[in-house]
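2 protein chains.
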Amino acid sequence: MNILYDERLDGALPTVDKAALLDTLRSALPDLDILHTEQDLRPYECDGLSAYRVVPLLVVLPQRLEQVQALLKICHAHQVPVVARGAGTGLSGGALPLAQGILLVMARFNRILEINPAGRFARVQPGVRNLAISQAAAPHGLYYAPDPSSQIACSIGGNVAENAGGVHCLKYGLTVHNLLKVQVLTIEGEYLTLGSDALDAPGFDLLALFTGSEGLLGIVTEVTVKLLPKPQVARVLLASFDSVEKAARAVADIIGAGIIPAGLEMMDNLSLRAAEDFIHAGYPAEAAAILLCELDGVDADVNDDCLRVEAVLKTAGASEVRLARDEAERVRFWAGRKNAFPAVGRISPDYYCMDGTIPRRALPGVLHGIGELSREHGLRVANVFHAGDGNMHPLILFDANQPGELERAEVLGGKILELCVAVGGSITGEHGVGREKINQMCAQFNADELTLFHAVKHAFDPLGLLNPGKNIPTLQRCAEFGAMHVHHGQLPFPDLERF
Amino acid sequence: MNILYDERLDGALPTVDKAALLDTLRSALPDLDILHTEQDLRPYECDGLSAYRVVPLLVVLPQRLEQVQALLKICHAHQVPVVARGAGTGLSGGALPLAQGILLVMARFNRILEINPAGRFARVQPGVRNLAISQAAAPHGLYYAPDPSSQIACSIGGNVAENAGGVHCLKYGLTVHNLLKVQVLTIEGEYLTLGSDALDAPGFDLLALFTGSEGLLGIVTEVTVKLLPKPQVARVLLASFDSVEKAARAVADIIGAGIIPAGLEMMDNLSLRAAEDFIHAGYPAEAAAILLCELDGVDADVNDDCLRVEAVLKTAGASEVRLARDEAERVRFWAGRKNAFPAVGRISPDYYCMDGTIPRRALPGVLHGIGELSREHGLRVANVFHAGDGNMHPLILFDANQPGELERAEVLGGKILELCVAVGGSITGEHGVGREKINQMCAQFNADELTLFHAVKHAFDPLGLLNPGKNIPTLQRCAEFGAMHVHHGQLPFPDLERF
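Protein chains in written order, with my numbering: chain A, 1 to 499; chain B, 1 to 499.
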């Protein structure tokens, strides 16, 4: 379905004898649940990025770690590729199956093994849902900070694989900053412990290396996460601006004033109007852009910060600043933001969500650049994103039923990501590279850097059996895709400098 | 000098023809400063861990990156080992030279390239001193958070290599949490950019992998660090306890109450008396242990937290809690702590500093265990450490002039580190493994994990030329050293459970 993707560029995929493999697995693991009919396999053909679909060779649903270990040893011995899947909510096709590979579903490992309030950690199986950890910790006044918008459904194993973020990662960090220890199985069926219960572990930092590696290095079998005490209070300010550039500059001003909001989100007119029509959040429909700024902590401190942020916003040219009067209004302000994607879905038959991350100071210029690219390519772009960390989610609106529109959307998406890289940013903040952005990785990294990635991959998985064709492109792919790499200091968009 | 160290266990070190190498370097790099006489080389024979001394084959002092690049290419072509050195303040022998290797001194790369207040970052050369960054950022109200006690002298390149911590890393994180981007040269002379100016970078997290790799993966050539706004106020509480176990439990109670102090330090009677005699900080000489708890931020918040911490300390059994009356007293309280090591140096001819890190909840039991080991081995141990992050610095007091005392100190040190590993901790928190703790790495990791470390090392440095014999032990070394690996859940110190 995706015109820019070509499987031949990922190296020779082996052909697997499905019937023989099924026999081998059944005799070695008689109580392992295996799906193998077209009808049973079809529901697993995609993850949260449904534009890409591949029916897997087999789906396995283990319930015990010994089954996973034995399965991996068999796959290793027979050189069968393995794609791991948690809840399947990923947005970059990281759990997209392979026609010649096994889809290893870890969803049944859903037990919370330990909540330790004194040590402020939780030890859980990989299939446990993100929100379930916070719910289990709530009686102790604790919670798990990273909150991807899919947190009601997504699993912690998938969060580790993708280094998931969320609205609050500006203050509380990404998944990698909230982990103590991860147990993994290698493709050879060996257990490894990465990290430790202590603050720091000697040797190379394999825990950080593994986090966000998108299933290329090993299978997560147990996760120990840090728990934080719940903030006493949270308040939200809503600021309106008559230009997106002004709103973007206000973001840098807030951070520059030494304030770290719990969340700092931006929506442009197209997205805020869509959200307002859908949710009736109370947004000012005429604003060119709004900022939502949440502050949390102890009461006195939050009040103080609210006053400081309000002053910064007014100086930055906000036409109106409103403090949510009560908890109901705070929740309503957030409801508009959290439903912005489905809201945009109501005003366009299809949309394509980007995930570029840029230095905060480049926000005004990049937003201006996206506006220009949008006009050039004749497609509307709605901007709704984590402004505080510079993690943008431009939504490209198109109609897949109009011939050529999907292709134009993809080309425009590629241009937007190249723009992010050109200002010193990256092609993905929290959604991962997966299958979707594999070509843009050629823009992000040069051949030396990609070679090093492959060498690291080789250290864990010499045969390349874990999730091939995702995250790290082959040099062959980058050669075919074209020399997109933007060298530092050579901006292809020199006019951005003036913002 | 160290009885437990045996170079033969690090694999075959090549023999280098010094005269021929000198000729090669002089003709290829005529303006490179090279030291080669015994007299010139001698000052470089050790870093901050002076118990280990090796005169290097050659010392080079480049001033331009092209010289470093050319030098590395020559070393790679001729298979000459390279040890990088910053300011030489490291405490684990990470920059200990090799008799058959080049010592690459990066101290002359001492320029601050950019202070960017809007982007809240500083871009500096690797030889820039830690404190110099904060000084350069001060006019903008910003500073660089990690503060190793050597910060007046140590260089940022060395901080990256060792993932340096400091008194304030409980709240502000280690070096790895305060980096945006690092430029490195590989042993093959290729430039790599790790990280990006944005919050997150796609692909594997090589920035985190590189940070703390102790010179085994590449040479740091440029560092972009995050800058933080200076806290408005800082206040310190001093609490006295009649037992170390009570003080240790109070540490967990403070963190358990949801308070993150800027610093939370502990000193036992032996170390606080030594410090008091030396500095006259105003410590209670009769206390079994004291805690220093610093709180920083905005005024109202800090006052509020001081009251909460005081209540927690009293409930935990503190016999006295004093708030530093003014800035002068606050500085005096810290001066005692910061001079504790030299103070202990005044009461013992020699001391050996450990750096084990343990889960906070294990503090009472481990302190008790250290007391027992101290009595068993007939050597006094002073405890002064970063209690908040569980990073302990037991100082073993001995007299090197008494036959056998150094050896007994080393054996006791090994036992203390094994104890840390047994409770789920690690053998080093912030000082690194270096040459010093290479044998204890065999206790920390099993053969599979060490094999993976070597595979990762191989991805960057296939010939093993960068800092061989440090950080990651060979399997041969671990086999000779003995099967020290402590498996999870098999505590060799079962009586610790009751604490």
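Note that CB positions come from ideal geometry on N, CA and C, so glycine has one too. Since this is a predicted model, take the numbers as computed values, not measurements.
With a threshold of 8 Å between beta carbons, is residue i in contact with chain A?
i: L72 (chain B); result: no
i: H168 (chain B); result: no
i: S134 (chain B); result: no
i: R120 (chain B); result: yes
i: G489 (chain B); result: A caution first: G489 (chain B) carries a pLDDT of 34, below 50, which makes its placement in the model unreliable, though a value can still be read off. No, G489 (chain B) lies away from the interface with chain A (no Cβ there is under 8 Å from its Cβ).
Checking 8 Å against the spacing of the C-beta atoms, do residue i and residue j come in under that value?
i: R408 (chain B); j: C306 (chain B); result: no
i: P97 (chain B); j: V55 (chain B); result: yes
i: N471 (chain B); j: V83 (chain B); result: no
i: S149 (chain B); j: R129 (chain B); result: no
i: A247 (chain A); j: M266 (chain A); result: yes
i: G48 (chain B); j: G215 (chain B); result: no
i: V344 (chain B); j: Y352 (chain B); result: no
i: G263 (chain A); j: H368 (chain A); result: no
i: A281 (chain B); j: R325 (chain B); result: no
i: G256 (chain A); j: A118 (chain B); result: yes
i: G356 (chain B); j: L450 (chain B); result: no
i: A252 (chain A); j: R360 (chain A); result: yes
i: C442 (chain B); j: C478 (chain B); result: yes
i: L185 (chain A); j: L72 (chain A); result: yes
i: V309 (chain A); j: I259 (chain A); result: yes
What did DSSP end up calling residue i once you bin it into helix, strand or coil?
i: E497 (chain A); result: Any reading at E497 (chain A) must be qualified, since the residue scores a pLDDT of 37, below 50, and its modelled position is unreliable; no value is offered.
i: H488 (chain A); result: Residue placement at H488 (chain A) is poorly supported in this model, since its pLDDT is 39, which falls under 50; the coordinates still yield a value, given next. If DSSP states are grouped into helix, strand and coil, H488 (chain A) belongs with coil.
i: V55 (chain B); result: coil
i: P229 (chain A); result: strand
i: A208 (chain B); result: helix
i: L217 (chain B); result: coil
i: V381 (chain A); result: strand
i: L49 (chain B); result: coil
i: F333 (chain B); result: helix
i: D10 (chain B); result: helix
i: I3 (chain A); result: Unreliable positioning characterises I3 (chain A) in this predicted model, as indicated by a pLDDT of 37, which lies under 50. A coordinate reading is not provided.
i: N391 (chain A); result: strand
i: I255 (chain A); result: helix
i: H36 (chain B); result: coil
i: I396 (chain A); result: strand
i: F341 (chain A); result: helix
i: V16 (chain A); result: coil
i: V80 (chain B); result: coil
Checking contacts by CB at 8 Å: is residue i closer than that to chain B?
i: M266 (chain A); result: no
i: G221 (chain A); result: Per the sequence shown, the amino acid found at residue 221 (chain A) is Thr instead of Gly. It does not; no Cβ of chain B falls within 8 Å.
i: L496 (chain A); result: Residue placement at L496 (chain A) is flagged as unreliable, the pLDDT there being 40, under the threshold of 50; a coordinate-derived value is accordingly withheld.
i: D197 (chain A); result: yes
i: Q69 (chain A); result: no
i: E294 (chain A); result: no
i: G424 (chain A); result: yes
i: H458 (chain A); result: yes
i: I156 (chain A); result: no
i: F385 (chain A); result: no
i: I187 (chain A); result: no
i: Q444 (chain A); result: yes
i: G203 (chain A); result: yes
>> Quick check for students: name the residue ranges of the beta strand (DSSP E) that lie wholly in the stretch 268-312 of chain A, counting only runs of 3 or more.
In response: 289-297
> Where in the stretch 117-168 of chain B do unbroken runs of the alpha helix (DSSP H), each at least 4 residues long, occur, reported from the N-terminal end onward?
Replying inline: For the stretch 117-168 of chain B, whole alpha helix (DSSP H) runs of length 4 or above, ordered along the chain, are 130-137 and 156-162.
> Which parts of the stretch 402-472 of chain B are runs of the alpha helix (DSSP H), unbroken and 4 residues or longer, counting only runs that do not cross its ends?
Replying inline: You should have 405-422, 441-444 and 447-460.
>> For the structure I just gave you, are there three or more beta carbon pairs, one from the stretch 373-380 of chain A and one from the stretch 303-322 of chain A, closer than 8 Å?
In response: With a cut-off of 8 Å, the stretch 303-322 of chain A and the stretch 373-380 of chain A do not count as touching, because too few Cβ pairs lie within range.
> At a cut of 8 Å, does the stretch 448-465 of chain A reach the stretch 444-459 of chain B through at least three beta carbon pairs?
Replying inline: yes
>> Any contact between the stretch 291-298 of chain A and the stretch 192-204 of chain A? By contact I mean 3 or more CB pairs, one from each, below 8 Å.
In response: No: fewer than three Cβ pairs fall under 8 Å.
>> I want to know whether the stretch 421-428 of chain A touches the stretch 186-200 of chain B - three or more CB-CB distances under 8 Å.
In response: Two segments are said to touch when three or more pairs of C-beta atoms, one from each, lie closer than 8 Å; by this definition the stretch 421-428 of chain A touches the stretch 186-200 of chain B.
> Between the stretch 17-30 of chain B and the stretch 58-77 of chain B, do three or more beta carbon pairs fall short of 8 Å?
Replying inline: Taking 8 Å as the limit for Cβ pairs, the verdict is that the stretch 58-77 of chain B does touch the stretch 17-30 of chain B.
> Does the stretch 395-407 of chain B come close enough to the stretch 434-441 of chain B that 3 or more CB-CB pairs lie under 8 Å?
Replying inline: no
> With a cut-off of 8 Å, do at least 3 Cβ pairs link the stretch 101-119 of chain A to the stretch 216-227 of chain A?
Replying inline: The answer is yes - the stretch 216-227 of chain A touches the stretch 101-119 of chain A, with three or more Cβ pairs under 8 Å.
> Three or more C-beta pairs closer than 8 Å, one from the stretch 171-178 of chain B and one from the stretch 267-281 of chain B: is that the case here?
Replying inline: no
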